[in-house]
Structures are given as structure tokens and as C-alpha cells.
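Just so you know, the protein sequences line up as chains L and E, in that order. Take the first sequence: its letter number 143 is residue 143 in the UniProt record's numbering, and every next letter is one higher. Take the second sequence: its letter number 105 is residue 105 in the UniProt record's numbering, and every next letter is one higher.
There are 2 protein chains.
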Amino acid sequence: MSGRRTTRLTPDQRREQLVGIGLEMLADRSLDELSTDEVARRAGISRGLLFHYFDSKRDFYRAVVRAECDRFTAATEPDGSLEPVAWMRAFIAGFVAYVLEHRQVYLALVRGAAGSHPAVTDIVGTTRETVARRVHDGRRRLGMPDAPQAELATRAWMAFAEEAVTTWPVERPGAREELCAFIESSLVNLLGLLDRPQVLTPR
Amino acid sequence: MSGRRTTRLTPDQRREQLVGIGLEMLADRSLDELSTDEVARRAGISRGLLFHYFDSKRDFYRAVVRAECDRFTAATEPDGSLEPVAWMRAFIAGFVAYVLEHRQVYLALVRGAAGSHPAVTDIVGTTRETVARRVHDGRRRLGMPDAPQAELATRAWMAFAEEAVTTWPVERPGAREELCAFIESSLVNLLGLLDRPQVLTPR
Numbered sequence: 001m002s003g004r005r006t007t008r009l010t011p012d013q014r015r016e017q018l019v020g021i022g023l024e025m026l027a028d029r030s031l032d033e034l035s036t037d038e039v040a041r042r043a044g045i046s047r048g049l050l051f052h053y054f055d056s057k058r059d060f061y062r063a064v065v066r067a068e069c070d071r072f073t074a075a076t077e078p079d080g081s082l083e084p085v086a087w088m089r090a091f092i093a094g095f096v097a098y099v100l101e102h103r104q105v106y107l108a109l110v111r112g113a114a115g116s117h118p119a120v121t122d123i124v125g126t127t128r129e130t131v132a133r134r135v136h137d138g139r140r141r142l143g144m145p146d147a148p149q150a151e152l153a154t155r156a157w158m159a160f161a162e163e164a165v166t167t168w169p170v171e172r173p174g175a176r177e178e179l180c181a182f183i184e185s186s187l188v189n190l191l192g193l194l195d196r197p198q199v200l201t202p203r
Numbered sequence: 001m002s003g004r005r006t007t008r009l010t011p012d013q014r015r016e017q018l019v020g021i022g023l024e025m026l027a028d029r030s031l032d033e034l035s036t037d038e039v040a041r042r043a044g045i046s047r048g049l050l051f052h053y054f055d056s057k058r059d060f061y062r063a064v065v066r067a068e069c070d071r072f073t074a075a076t077e078p079d080g081s082l083e084p085v086a087w088m089r090a091f092i093a094g095f096v097a098y099v100l101e102h103r104q105v106y107l108a109l110v111r112g113a114a115g116s117h118p119a120v121t122d123i124v125g126t127t128r129e130t131v132a133r134r135v136h137d138g139r140r141r142l143g144m145p146d147a148p149q150a151e152l153a154t155r156a157w158m159a160f161a162e163e164a165v166t167t168w169p170v171e172r173p174g175a176r177e178e179l180c181a182f183i184e185s186s187l188v189n190l191l192g193l194l195d196r197p198q199v200l201t202p203r
């Protein structure tokens, strides 16, 4: 035995620590590039011990992705007691803040390569459903009429919002507020167009 | 030697044949799952001969992706002599038709995993730029005013349109026309909102 002092963690604390390291590492690499060897090394434990806490690499990947998706879901859940407009704005602000602060992870997981990683497709899919239902809930709170294609329009609006948040130049002062206003404007327009379609007209 | 008749192909014809087989195979698998062994087998040639026409697996992948991206670019190029509204509608119809008919390949390449495949990121990126410039061109033809965030809004609208086309239920009669009208409506709303922002209001 070495003289190094090792901290005794409960199994739950250890799992949490390993998942936390995985989340940190995901910030600059894809899920496929997430090496369990390195996770173990960073935690100061053996690879064997890591697999004492997780059944397989796949199991570890799923735990990391689930943790990230939980963060995303929590960040976009407004206080239920808010008035409809404030509720929807809190949702948008939460969405924008989350995507800006977790840009790399978001792109890697929710959209990019890992979104289609077979080991985690179901988790990412469920998360997207949850967030889409939230937008839908917001529409109802706002009194927007239900339309047959409302669900689809919601998902398409989410793709729009994702693209806008990940490409908007946010360095400038006031840019984040402009971005939120832009997303709000697009929500009003896109989810509103279900009951008033528009056609192109030459100017 | 078997009695099978082998056709003599010129190097260009052979390359085209191999790329064509790759494109067909991409319809039900990702770029990573595209085996050059199987491509060679389907073409009735040896793996070695395939690498006579392509420097590497990466080189072959790039040729396949370039061919697909060229198809996409061609499918979304309207006749330049059309009036602005007809031009924009031709673009939308071409986009919808392409994505519907190449749904799997489109998801795998332009959006999904392979879009972030390091070997082809530049090709996919350039294609997205070309199509975005086309939408931008359409906006100008329609006389929509230029706005500082126009380019970004265009890309976000493309994400919206992609999501709508890949999730719209198109089996019903008339569904494709409705989809085109929905995409047109979203274009009018989303690219129009740059000069008239809207805010949420309780109903």
C-alpha cells in the first residue's frame, strides 16, 4: 500500500464523482472520445474499480448523458407560479443560458454525433420530448389555440432556437438580451403561424 | 475464372460506380458503417482495386459525401429566370423533395453523426453555406430588407425547415403541399421578423 491518503467515498459519492469527471471531459470531446481509462486516472482510481461502479463503458456513458440531460431539463423548468408571459420568458432565458454555458456539451450530446450515439439515443430523445412538452405547455398557458401540427411546429421551433443560440455572437454587451428577444419573437411568429398561415408576396 | 462477364469501365466510370454504390449503402447506415470491403464486393472488384481509384478510406468517404452534397445543391437551385416568389417556391419545393427522398442520407450526412465526421466536416459545411446563401439570395429577390442578423436567422430557419421536413407525416394525400405551404409560411414569418420584432402578450 502506498502512503498516499485516499479519501473514502460512499458508492453514491464515487459514482457522482466519476460522472462529474465525465461531464467535464465531454466539454472538449465527443462521447466516443471519452476514455474510461482517463476518467479513472483523473479520479485516482483503477480502471477496474471504475467498472465496479458501472457495469460497462456503455453504462458509464449513459450515466454521464443522463446527468447532462437532467441539468438541461432542470435549467429549462420555470417556476410554476409565474404568469404565462413571464413563465415562457423564464423558459427561454433558461434555455439560452444553458446552451450558452454548455455549448460544447450541448452540441456533442443533444445535437451532434453523440445524439445519434446508439447507447444514448433514448435518453436524448426523452429529454427532447420533455423540453418540447414544456414549450407546448407554455403555448397552452398563453392561450394559443391548439393546431394539428402544433407538436411538430414546436420541435421545428426548438431546432430554430438551438441554431440561433449556438451561432449568435454573444460577446457584445446586450447581445444575450437581444438573443432572448429574437427567440421570443420567433416563438410568437412560428407557433402563431399555425392558425394564420402566410404566403410569399412580392414587395 | 468464372463465366461472369465483366464490363470494362474507364477509371472515371469506375470511380462513379463505386461512389454510386457508396451512396446507395449510405441510405441505411452511417458513414462509419460504410465498409469499403462491401463496396468492392458489390462492384465485383477487389478491395485492392478500390484503393487504386481512391487513395484511402477517407478519400472514398469524401468522394461519396461530395457526390451527395452536389445532389443536394443541385436539387435546391431554382431556374434563375423565375420571378422572385416563384423562385423562392421552387427552392422550397426542391428542398422538401430532396429531404423527403433522401431522408436517411440527409439525416446521416447533413445533420447527424457524419455531419460531424472529421473527414467530411468541411464538405458538409460548404454545402450548408451554399444553401444558406441561396435563401439569402431569395430574401434579396423578394425585396426583404437586409438586417444585421439576417445570415444567422437564415441558418436558424434552415434548421427549422429541416426538422419540419424530416418529421412531417407525408403519407396523407396533399400532405406534401401542406408541408411546402408551412415552410413558406415560416420563411415569411421568420425572415420577416428581423425588421418587426414581436413580443409575447397574454390573450
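C-beta atoms are modelled at their ideal positions from N, C-alpha and C, and glycine is treated no differently.
Alpha-carbon to alpha-carbon, L/F91 and E/W168
Going by C-alpha positions, E/W168 is about 25 angstroms away from L/F91.
Stretch pair the stretch 133 to 140 of chain E + the stretch 134 to 149 of chain L: three plus CB contacts closer than 8 angstroms
Flag = no, the stretch 133 to 140 of chain E and the stretch 134 to 149 of chain L do not touch.
Burial state of E/H102, where buried means 16 or more other Cβ atoms lie within 10 Å:
Here E/H102 is buried. Its C-beta has 16 or more other C-beta atoms within 10 Å.
Start-to-end residues for the alpha helix (DSSP H) that takes in E/V120:
Element bounds for E/V120: n/a, residue is neither H nor E.
Would you identify the three-state DSSP class for E/E184, choosing helix, strand or coil?
In the three-state scheme derived from DSSP, where H, G and I count as helix and E and B as strand, E/E184 is classed as helix.
Do E/G22 and E/V85 have their C-beta atoms closer together than 7 angstroms?
7 angstroms or more divides the Cβ of E/G22 from the Cβ of E/V85.
Taking all protein chains shown into account, do 16 or more other C-beta atoms lie within 10 angstroms of the C-beta of E/S186, making it buried, or fewer, making it exposed?
Only buried fits E/S186, as 16 or more other CB atoms lie within 10 angstroms of its CB.
Quick check: the Cα distance between E/C180 and E/V170, rounded to an integer number of angstroms?
So the two alpha carbons sit approximately 11 angstroms from each other.
Distance check for L/G80 and L/W87, CA to CA, integer angstroms please.
Here the alpha carbons of L/G80 and L/W87 stand approximately 7 angstroms from one another.
State the Cα-Cα distance for the pair E/G115 and L/R66, rounded to the nearest angstrom.
With a pLDDT of 49 at E/G115, under the threshold of 50, the predicted position of this residue should be treated as unreliable, though the coordinate-derived value follows. If you draw a straight line from the Cα of E/G115 to the Cα of L/R66, it comes to about 23 angstroms.
Return the CA-CA distance between E/F72 and E/F95, expressed in angstroms with no decimal places.
Rounded to the nearest angstrom, the two C-alpha atoms are 8 angstroms apart.
In or out: L/E68 buried (at least 16 other Cβ within 10 Å) or exposed?
So L/E68 counts as buried.
Quick one: which chain L residues come within Cβ less than 7 angstroms of E/F54?
Result: empty, since nearest Cβ-Cβ is about 24 angstroms, beyond 7 angstroms.
Mind checking L/T126: buried by the 16 CB within 10 Å criterion, or exposed?
A residue is called buried once 16 or more other Cβ atoms fall within 10 Å of its Cβ, and L/T126, having fewer, is exposed.
Just reading off the alpha helix (DSSP H) that L/F95 is part of, what are its end residues?
Under the DSSP assignment, L/F95 falls in the alpha helix (DSSP H) whose first and last residues are P84 to E101.
On the criterion of 16 or more Cβ atoms from any shown chain inside 10 Å, does E/E163 qualify as buried, or is it exposed?
Classification of E/E163: buried, given that the 10 Å Cβ count is 16 or more.
Mind checking whether E/V131 and L/L200 have CB atoms under 7 angstroms apart?
No, they are not a contact pair.
Using beta-carbon positions only, say whether L/F60 and L/T76 come within less than 7 angstroms of one another.
Against a cut-off of 7 angstroms, the Cβ pair of L/T76 and L/F60 comes out as no contact.
For E/F95, decide whether its Cβ has a neighbour in chain L, counting only Cβ atoms nearer than 7 angstroms.
At a cut-off of 7 angstroms between C-beta atoms, E/F95 does not count as an interface residue with respect to chain L.
If we require 4 or more residues per run, which alpha helix (DSSP H) segments fall completely within the UniProt domain "HTH tetR-type" (12 to 72) of chain L?
Runs of the alpha helix (DSSP H) lying entirely within the UniProt domain "HTH tetR-type" (12 to 72) of chain L, each at least 4 residues long, are 36 to 43 and 47 to 53 in chain order.
Can you pull out the residues from the stretch 62 to 94 of chain L whose beta carbon lies closer than 8 angstroms to at least one beta carbon of chain E?
Residues of the stretch 62 to 94 of chain L with a Cβ closer than 8 angstroms to any Cβ of chain E, in chain order: E83, P84, V85, M88 and R89.
Just how far apart, CA to CA, sit L/E184 and L/W157?
Computed Cα separation, rounded: 11 angstroms.
Taking a contact to mean a Cβ-Cβ separation below 7 angstroms, would you say E/A159 touches L/F160 in this structure?
L/F160 is positioned such that its CB atom lies closer than 7 angstroms to that of E/A159.
Cross-chain neighbours of L/T126 in chain E, by beta carbon under 7 angstroms
Those within 7 angstroms of L/T126 in chain E number zero; the least Cβ separation is about 16 angstroms.
Beta-carbon gap between E/Q17 and E/A43 smaller than 7 angstroms:
Going by C-beta atoms, E/Q17 is nearer than 7 angstroms to E/A43.
Taking 7 angstroms as the cut-off, decide whether the C-beta atoms of E/L26 and E/V105 are in contact.
Between E/L26 and E/V105, the C-beta spacing is below 7 angstroms.
Please go through the same chain and pick out, in chain order, the residues whose beta-carbon is closer than 6 angstroms to the beta-carbon of L/I45, but skip the five residues on each side of it.
Within the same chain, L/I45 has no close Cβ partners at all.
Output, in chain order, the set of chain L residues within a Cβ distance shorter than 8 angstroms of E/Q13.
At a C-beta separation below 8 angstroms, E/Q13 has no neighbours in chain L, since its nearest C-beta there lies roughly 34 angstroms away.
Please say whether L/R8 and L/Y53 have beta carbons closer to each other than 7 angstroms?
No, the pair does not count as a contact, with Cβ atoms beyond the cut-off.
Can you list the residues of chain L that E/L31 reaches, using a CB-CB cut of under 7 angstroms?
Result: empty, since nearest Cβ-Cβ is about 11 angstroms, beyond 7 angstroms.
Partners in chain L for E/A156, counting only beta-carbon separations shorter than 7 angstroms
F160, E163 and A164, listed in chain order.
Count the other CB atoms, across all protein chains shown, that sit within 10 Å of the CB of residue 208 of chain E; report buried if there are 16 or more and exposed otherwise.
Absent from the model: residue 208 of chain E. The displayed extent of chain E is 1 to 203, so no value can be given.
For a contact defined as C-beta to C-beta under 7 angstroms, what are the partners of L/Q198 on chain E?
Contact of L/Q198 with chain E by beta-carbon distance below 7 angstroms involves S185, V188 and N189.
Give the straight-line distance between the Cα atoms of L/T166 and L/V99, rounded to the nearest whole angstrom.
Rounded to the nearest whole angstrom, the CA to CA distance from L/T166 to L/V99 is 7 angstroms.
With distances taken between CB atoms, is the gap from L/R58 to L/A119 smaller than 7 angstroms?
Yes, Cβ-Cβ distance for L/R58 and L/A119 is below 7 angstroms.
Alpha carbon to alpha carbon, how far is E/V39 from L/D32?
Distance between the alpha carbons of E/V39 and L/D32: 25 angstroms.
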